[in-house]
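As structure tokens, the structure follows; a few thoughts come after it.
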Amino acid sequence: IGSTVSLIPNGRDFRGLCPFHDDHNPSLHVYPERQSYRCWVCDEGGDCFSWVMRTEGVEFREALEQLADRANLEVPRRRSDGPSRAGKNRLYDTLAWARDQFHQCLLDAPEAARARDYLREQRRLTAEMVETFQVGFHPPDWDWLQRRARGHFSNADLQEAGLVRPRQDGSGLRDDFVDRVLFPIQDLRGRPVAFGGRILPDHPYPDAPKYLNSSENAVFSKKSLLYGLDLAREAIRRERTAVVVEGYTDCVSAHQYGVRHVVGTLGTALTDEHVGALKRLAERVVLVYDG
1176 IGSTVSLIPN GRDFRGLCPF HDDHNPSLHV YPERQSYRCW VCDEGGDCFS
1226 WVMRTEGVEF REALEQLADR ANLEVPRRRS DGPSRAGKNR LYDTLAWARD
1276 QFHQCLLDAP EAARARDYLR EQRRLTAEMV ETFQVGFHPP DWDWLQRRAR
1326 GHFSNADLQE AGLVRPRQDG SGLRDDFVDR VLFPIQDLRG RPVAFGGRIL
1376 PDHPYPDAPK YLNSSENAVF SKKSLLYGLD LAREAIRRER TAVVVEGYTD
1426 CVSAHQYGVR HVVGTLGTAL TDEHVGALKR LAERVVLVYD G
């Protein structure tokens, strides 16, 4: 609790400002001997698991995994649990590396000038927002990411992360987000788990969809994640309201103009899982979808 709330000694326990209501006189008490906490004003309380579930907006399993990571412990798995922790960590590493490659390309590469112009002139996004949301670009080169990955990640790693796919003629793999502005999709801990790609308006590919999301993987479920929730979480809790928009640029633009309690759906309808995540953070949800 002390990693998210400033605590002061109070005899055998600790006190701090409660994050669950507008607290000006420290009313949150933390009891080390009992391994519990309680706010004596809003009556929130529990143990380390309920603290993480409440402050991070996650279910018990995710809270368990986060605490296990902090303690460097392996969570026992059932056979149906999917990839091991080591396998998931490799996936996170691959996606984080790709995010950095795309972002650096957008900032510096001559071939990304069209993307920089698009974001600045058509989307009116500032450099600060591009940095905050780690927006990136994949140049019009079908092997660009694979070449950069040599010596770092295998093609199998890239394919598992949804960054490459087999060519239609069976002659190997091709990169998956060619000539697209890329918006990293991150979990509540700020780890990239997927990408949303917007094709540039002057692209030469006649059948390319305007938007392309990563395929689902061991750490990404489209129906469960909301774009920007990792950045909007504190503002949502403070405002007690979540605003839900349709797209990536709608979300980024709102944050740019100071409306920080905004998240976006990933080109899908609002799902039960989205509502469950928002209910743990907000008392009110406002939908601001396109007409």
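Just so we're aligned: the sequence shown equals residues 1176 to 1466 in our numbering. By construction, the Cβ of each residue, glycine as well, lies at the ideal position given by its N, Cα and C atoms.
CA nearest to the CA of residue i, picked from the options
i     : options                       : result
A1452 : E1234, G1337 and I1176        : E1234
P1381 : D1354, S1390 and L1192        : D1354
P1285 : C1217, I1360, H1313 and S1225 : H1313
F1368 : P1379, R1349 and S1396        : Note that residue 1368 is Val in the sequence shown, not Phe. Ranking the options by Cα distance to V1368, first place goes to S1396.
Y1267 : E1303, A1336, E1237 and L1300 : A1336
T1446 : K1398, E1391, H1199 and P1251 : K1398
E1306 : R1455, V1180 and Q1431        : Q1431
L1182 : S1390, S1202 and I1411        : S1202
G1466 : F1277, Y1386, G1422 and G1345 : G1422
E1219 : S1389, H1196 and R1413        : H1196
A1444 : V1419, G1433 and V1427        : V1419
F1308 : G1326, Q1321 and L1294        : L1294
L1338 : W1272, D1377 and S1346        : W1272
L1387 : A1410, G1365 and F1352        : F1352
Y1464 : R1435, N1200 and D1425        : D1425
I1176 : P1184, V1205, N1200 and H1199 : V1205
S1158 : R1190, M1304, T1179 and R1342 : Not covered by the structure: residue 1158. The range shown for the chain is 1176 to 1466.
C1217 : H1199, R1289 and E1409        : H1199
R1366 : D1377, P1376, G1433 and V1394 : V1394
Whether residue i touches residue j by CB criterion (8 Å)
i     : j     : result
A1417 : V1356 : no
G1232 : L1363 : yes
C1223 : L1242 : yes
R1349 : W1317 : yes
Y1402 : I1374 : no
L1404 : V1438 : yes
R1415 : E1448 : no
R1291 : L1281 : yes
R1229 : R1455 : yes
S1389 : F1370 : yes
R1265 : D1332 : yes
N1330 : Q1343 : no
R1187 : E1208 : yes
Residue i burial status per 10 Å Cβ neighbour count (16 or more: buried)
i     : result
A1407 : buried
V1227 : buried
H1278 : buried
Q1210 : exposed
T1269 : buried
V1310 : buried
H1436 : buried
Q1297 : exposed
L1400 : buried
G1221 : exposed
Assigned secondary structure, residue i (DSSP; H/G/I helix, E/B strand, else coil)
i     : result
A1273 : helix
L1203 : strand
I1176 : coil
A1457 : coil
L1462 : strand
P1285 : helix
R1340 : strand
C1193 : coil
Y1158 : The shown model of the chain, from 1176 to 1466, leaves out residue 1158, and the question about it has no answer.
N1185 : strand
T1476 : Outside the displayed range of the chain (1176 to 1466) lies residue 1476, so it cannot be described from this structure.
G1262 : helix
L1248 : coil
Min CB distance residue i to chain C below 8 Å
i     : result
C1214 : Any reference to chain C falls outside this structure, which holds one protein chain only.
Every unbroken beta strand (DSSP E) inside the segment 1370-1403 [3 residues or more]: With a minimum length of 3 residues, the continuous beta strand (DSSP E) runs that stay inside the segment 1370-1403 are 1386-1388.
Completely contained alpha helix (DSSP H) runs for the segment 1280-1333, where each covers 4 or more residues: Entirely contained in the segment 1280-1333, the alpha helix (DSSP H) runs reaching 4 residues are, in chain order, 1288-1292, 1302-1307 and 1319-1324.
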